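In full-length UniProt numbering, the protein residues as written are 1 to 693. Glycine included, every Cβ here is placed at the ideal spot set by N, Cα and C. Here the structure is a predicted model, which is why all the values come from computation and not from measurement. Report on one structure; see the data block that follows.
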C-alpha cells in the first residue's frame with residue numbers, strides 16, 4: 001500500500017463525507033511544503049493555470065531542489081552535489097521466477113522449520129503477515145527499499161526496550177489524560193472515530209491485494225491489530241505495550257489510517273469544537289487581510305484547498321485572540337489539512353496549540369520557543385559537545401536556524417514525506433519530540449557541520465541539512481493506492497478535485513523521482529535519548545536563568561530610571577548654575593559701577609575737604625577782623641560742615657555695604673562651582689558604570 005511518507009508534494013481538496021479519509025494527488029516536483037516563507041513572493045507568471053484556489057503553482061515556481069525561489073529576505077544557497085549522499089547498495093539478485101523466498105513459521109518451541117517445496121519447487125502459499133516496523137525489516141527488504149534504517153533489528157529492539165524511547169510517549173499520555181479530566185471531554189468523538197475506523201478497515205481488507213514481500217515497509221500490509229488497539233483504546237495500549245506502540249509510530253502511521261489515528265491519539269475529535277467552528281468560520285477577523293496576503297505570496301503544495309486553509313487559520317485567530325494570527329500557522333496547518341477534513345483539521349490545530357502547548361510558541365515574546373531552544377542547546381552540549389563548541393565559536397546560535405524548525409514543525413523547508421513522519425511522532429510524544437529530530441539531524445551531519453564556517457554553515461543548517469537522507473540516485477518508483485477510495489454511506493465514490501485515486505509523485509528537474517530515507521531519519525531521531533526528567537531539569541535551569549536575567553534586567557531598568565532622575569536633577573542644577581552665573585555677572589557689573597561711583601564720591605569728598613579747609617582759613621581770617629556777628633556766621637558754617645560730614649559717612653557706609661554684598665556673591669559662586677564639579681564627576685561615574693554593564 002502506498003503511503004505519503006515517500007512523497008514530497010501532495011495536493012488535497014476538502015472532503016465530502018465525514019467517513020472519508022484524506023487523499024492526495026501528486027502533480028509536483030517540489031520537495032517542500034512551502035518553498036517560500038511569508039516574505040517571499042512567488043512570480044505571478046508561474047501560477048498554476050488549473051488551480052481554482054489562487055495559490056501559486058509550487059512545481060512551476062521551483063521545479064527542483066536545485067532551483068530555489070528568489071527571495072528578497074533570504075540568500076540563495078547552492079545545493080550540494082548528490083555525491084555527498086550515501087551510496088545506494090546494489091539490489092540483490094532475484095530468483096528465476098522473481099518471487100521472494102517463503103517466510104518460515106515457528107513451531108511451539110519457537111524453532112523455524114525448513115521450508116517445504118511443492119512439486120515444481122515453488123513455495124507454499126504464505127499466510128498474511130503484519131506490517132513490520134522498519135527497524136525489524138530483513139536486510140534484503142532494507143536494500144530493496146533503500147528508505148529504511150540500516151540498524152539491525154536486535155539493536156533497535158534493544159534500544160526501544162529502554163524507557164528513554166517511550167517515556168515521552170507516556171508523559172504525553174499523562175498530560176492528555178489530565179487535560180481530558182479537567183475538561184470532562186475525554187471520550188468525546190471516540191465512538192464516531194471507531195465507527196469510521198471499522199468501516200475503513202472492512203473496506204481496505206476487502207480490496208487489499210496479496211502481500212508483496214519485496215515491497216518496502218511503507219508498502220507492506222497494515223498491522224490491523226496494532227492500529228485497532230490504538231484507535232479503540234489508545235491509553236491502555238500505550239501503558240501496556242509502549243515498545244510496540246513506539247515501534248508502530250516510528251514506522252509511520254499508514255496513510256489510509258492517518259486521519260483517524262491522529263485524532264484518536266490526540267483526542268482532537270470534538271463535537272463542541274466542530275459546532276464552534278461552524279459558528280465562527282463566517283465571522284470577520286481583524287487578521288483576514290494579513291492571512292490573505294501571506295497565503296497569496298507563499299507557495300504551498302500544489303492544489304491545496306486555499307480557501308479551507310484560510311478559513312481554518314482565520315477561525316483560529318477568532319478562537320484564540322491572545323495569539324491571533326502569526327505567519328507560521330499556515331505551515332502547521334497544511335500537513336493537517338492534507339490528511340483531515342476542514343472541520344477536523346481545525347479541531348486538531350486547536351488541540352496542538354492548546355493541549356500540546358504549541359500556542360506558547362506564538363505568544364508575545366514566544367516563551368515556548370525560547371524554552372525549546374534552550375533545551376535544544378543543552379542537549380547538544382551534553383550529547384554532541386564538539387558540535388556545540390564549534391557552533392559557539394562560529395557565532396551560530398540555535399535561534400538562527402532551529403527557530404524555523406520549531407515554529408513550523410519542520411514544515412518550512414523539509415520534504416513533506418519527512419514532515420508527515422515527524423507529525424506522526426509529535427502526535428504521540430508531544431512537541432518535545434521535535435528535539436529528537438533536531439538533535440538527530442545535527443548529530444548525523446556533525447562531520448559536515450564541523451568542516452564549515454559561519455556563512456556556509458548557517459546556509460547548510462537552514463537549507464540542506466536533510467540532504468544526507470536523499471538517495472544518491474533518484475529512483476523511478478510508482479506509488480499508487482492498492483485500493484479504491486472508501487465510498488461513503490450513500491454508495492457514491494468520493495471525488496476530491498476531480499480525482500478518485502490519490503497518486504503521489506515527486507520528481508526532480510530531470511523527471512526522476514526524488515526519494516528520501518525517511519526511516520533512517522526517524523531512526524536517528526530515536527537514537528537521541530530525551531527523558532521528561534531531563535527536559536524538566538533543563539526547564540528548571542531555564543526558569544532559574546530567566547529569573548536571574550529578569551532580575552538583572554530589572555536592576556538595569558532601575559539604574560536607567562535612577563540615571564534618568566539624576567540626569568534631570570543635573571539639568572535642573574545646571575539651569576540653576578546658569579541663572580546664578582547670570583546673577584553674578586549682573587552683581588559684578590553693579591559693583592563695578594558702585595566702585596566708580598565711590599571713586600567719584602571720594603574725589604568729591606576731597607574737593608569738599610579742600611573747600612572746607614579753605615573756608616576755615618578764610619573764616620579764621622575774617623573772624624579776626626570781625627566782631628560778634630562773625631560768631632553767628634561761624635556757627636552756621638559749622639552746621640553746614642556737620643551736614644557735609646554726615647553725607648560723607650552715609651556714602652562710605654553705602655560703599656562698605658556694597659563691598660560686603662560683592663564678597664558674599666563671590667562666596668556663593670564658588671560654592672556653586674564646587675557643587676557643579678561634584679555632580680559632573682558623579683555623572684561621569686554613572687556613565688562609566690552603565691557602559692561596563
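Q. Between which two residues does the alpha helix (DSSP H) carrying residue 369 extend?
A. Walking along the chain shown from the start, residue 369 turns up at place 369. Counting along the chain, the alpha helix (DSSP H) containing residue 369 begins and ends at 367-383.
Q) How big is the Cα-Cα spacing for residue 202 and residue 194? A) Translated into positions along the chain shown, residue 202 becomes position 202. Translated into positions along the chain shown, residue 194 becomes position 194. Distance between the alpha carbons of residue 202 and residue 194 is about 12 angstroms.
Q | Cα-Cα separation, residue 349 to residue 519 | A | In the chain shown, residue 349 corresponds to position 349, counting from 1. In the chain shown, residue 519 corresponds to position 519, counting from 1. Using only the alpha carbons, I get a separation of about 26 angstroms.
Q: State the start and end residues of the unbroken alpha helix (DSSP H) segment that holds residue 693.
A: As a first step, residue 693 is located in the chain shown; it is residue number 693 there, counting from the start. From DSSP, residue 693 is part of no alpha helix (DSSP H); its letter is neither H nor E.
Q) If residue 337 sits next to residue 308, beta carbons under 8 angstroms apart, how far is it from one beta carbon to the other, in whole angstroms? A) As a position in the chain shown, residue 337 is number 337, starting the count at 1. As a position in the chain shown, residue 308 is number 308, starting the count at 1. Sure, about 6 angstroms apart at Cβ, within 8 angstroms.
Q) Can you name the start and end residues of the alpha helix (DSSP H) that residue 440 belongs to? A) Locating residue 440 in the chain shown gives position 440, where the first residue counts as 1. Looking at the DSSP string, the run of the alpha helix (DSSP H) that includes residue 440 is 433-444.
Q) How do the region 313-330 and the region 236-252 stand: do at least 3 beta-carbon pairs fall below 8 angstroms, yes or no? A) no
**Q.** Reference residue 383, options 369, 435 and 411, closest by Cα
**A.** For the purposes of this step, residue 383 is taken as residue 383 along the chain shown, with counting starting at 1. The candidate whose alpha carbon is nearest that of residue 383 is 435.
Q: Check each candidate in 610, 248, 173 and 313 and name the one with the smallest Cα separation from residue 283.
A: In the chain shown, the residue the question calls residue 283 occupies position 283. Nearest of 610, 248, 173 and 313 to residue 283, Cα basis: 313.
Q) Going by DSSP, which residues form a beta bridge with residue 516? A) Start at 1 with the first residue of the chain shown, and residue 516 comes out as number 516. Per DSSP, 470.
Q | Buried/exposed call for residue 690, threshold 16 Cβ in 10 Å | A | One-based indexing of the chain shown puts residue 690 at position 690. It is exposed - the Cβ of residue 690 has fewer than 16 other Cβ atoms within 10 Å.
Q | Through-space distance from residue 620 to residue 608, alpha-carbon basis | A | The residue labelled residue 608 in the question sits at position 608 within the chain shown. The residue labelled residue 620 in the question sits at position 620 within the chain shown. For residue 608 and residue 620, the distance between alpha carbons rounds to 18 angstroms.
Q | Distance CB(residue 764)-CB(residue 391) smaller than 7 angstroms | A | A question about residue 764 goes unanswered here, because the residues of the chain that appear run from 1 up to 693.
**Q.** Boundaries (first-last residue) of the alpha helix (DSSP H) holding residue 399
**A.** Along the chain shown, one-based indexing puts residue 399 at 399. Element bounds for residue 399: n/a, residue is neither H nor E.
(Q) Tell me the DSSP secondary structure of residue 166 in three-state form. (A) Numbered from 1 along the chain shown, position 166 holds the residue referred to as residue 166. In the structure shown, residue 166 sits in coil (DSSP, three-state: anything other than H, G, I, E or B).
**Q.** Reference residue 663; option with closest CA among 412, 288 and 590
**A.** Within the chain shown, numbered from 1, the residue matching residue 663 stands at position 663. Comparing Cα-Cα distances from residue 663 to each of 412, 288 and 590, the minimum goes to 590.
**Q.** DSSP-derived helix/strand/coil call for residue 221
**A.** Here the question's residue 221 lines up with position 221 in the chain shown. It is coil, neither helix nor strand.
Q. Would a C-beta distance cut-off of 7 angstroms place residue 440 and residue 355 closer than the cut-off?
A. As a position in the chain shown, residue 440 is number 440, starting the count at 1. As a position in the chain shown, residue 355 is number 355, starting the count at 1. Going by C-beta atoms, residue 440 is not nearer than 7 angstroms to residue 355.
Q: Could you give the DSSP three-state label for residue 326: helix, strand or coil?
A: The count along the chain shown starts at 1 and reaches residue 326 at position 326. Residue state, collapsed to three classes: coil.
Q. If you run the structure through DSSP and keep just helix, strand and coil, what is residue 248?
A. For the purposes of this step, residue 248 is taken as residue 248 along the chain shown, with counting starting at 1. Correct three-state label for residue 248: helix.
Q: Please specify which runs of the alpha helix (DSSP H), each continuous and at least 4 residues long, are wholly inside the region 601-668, giving them in chain order.
A: none
Q) Which of helix, strand or coil does DSSP assign to residue 456? A) Start at 1 with the first residue of the chain shown, and residue 456 comes out as number 456. Of the three classes helix, strand and coil, the one that applies to residue 456 here is helix, per DSSP.
Q. Are there three or more Cβ pairs, one per stretch, closer than 8 angstroms when the region 362-380 is compared with the region 399-412?
A. yes
Q: Return the chain-ordered list of same chain residues with a C-beta closer than 6 angstroms to the C-beta of residue 352, the five sequence neighbours on each side being excluded.
A: To locate residue 352, count along the chain shown from 1; it is residue 352. For residue 352, where only same-chain residues beyond five positions count, the Cβ hits under 6 angstroms are 358.
**Q.** Chain-order list of residues whose beta-carbon lies under 8 angstroms from that of residue 260 (same chain, five-residue window excluded)
**A.** Here residue 260 corresponds to residue number 260 of the chain shown, with the count starting at 1. Counting only Cβ-Cβ distances below 8 angstroms, and skipping sequence neighbours, we find 21, 193, 196, 197, 200 and 231.
Q) Okay, do the region 392-400 and the region 450-470 touch, 3+ Cβ pairs below 8 angstroms being the bar? A) yes
Q. Mapping DSSP to helix, strand and coil, what is residue 197?
A. Taking the first residue of the chain shown as 1, we reach residue 197 at position 197. If DSSP states are grouped into helix, strand and coil, residue 197 belongs with the helices.
Q: In the DSSP assignment, find the alpha helix (DSSP H) that holds residue 258 and state where it starts and stops.
A: As a first step, residue 258 must be located in the chain shown, where it is residue number 258. Here the alpha helix (DSSP H) through residue 258 covers 258-266.
Q) Where does the unbroken alpha helix (DSSP H) through residue 426 begin, and where does it stop? A) For the purposes of this step, residue 426 is taken as residue 426 along the chain shown, with counting starting at 1. Note, residue 426: alpha helix (DSSP H), 416-429.
Q. Using the C-alpha atoms, what's the distance from residue 318 back to residue 552?
A. Start at 1 with the first residue of the chain shown, and residue 552 comes out as number 552. Start at 1 with the first residue of the chain shown, and residue 318 comes out as number 318. Going from the Cα of residue 552 to the Cα of residue 318 covers about 37 angstroms.
Q. Which first and last residues belong to the alpha helix (DSSP H) in which residue 283 is found?
A. Here residue 283 refers to the residue found at position 283 of the chain shown. Unbroken run through residue 283: none, as it is neither H nor E.
Q. Under a three-way DSSP split, which group does residue 710 fall into?
A. For residue 710 there is no data in the structure shown, the boundaries of the chain being 1 and 693.
Q) Would you say residue 227 and residue 247 are within 7 angstroms of each other, going by their C-beta atoms? A) Along the chain shown, read from residue 1 onward, the residue named residue 227 stands at position 227. Along the chain shown, read from residue 1 onward, the residue named residue 247 stands at position 247. Cβ distance not < 7 angstroms, so residue 227 and residue 247 don't count as in contact.
Q.
Restricting to Cα atoms, I'd like to know which of 602, 614, 323 and 693 is closest to residue 648.
A. Reading the chain shown from its first residue, position 648 is the one you call residue 648. The shortest C-alpha separation from residue 648 is found at 602.
Q.
If you reduce the DSSP assignment to three classes, tell me which class residue 449 lands in.
A. Counting from 1 along the chain shown, the entry for residue 449 is found at position 449. Helix at residue 449.
Q: For residue 755, count neighbouring C-beta atoms within 10 Å of its own C-beta (all shown protein chains included) and say buried if the count is 16 or more, exposed if not.
A: The chain is shown from 1 up to 693; residue 755 falls before or after that span and cannot be answered.
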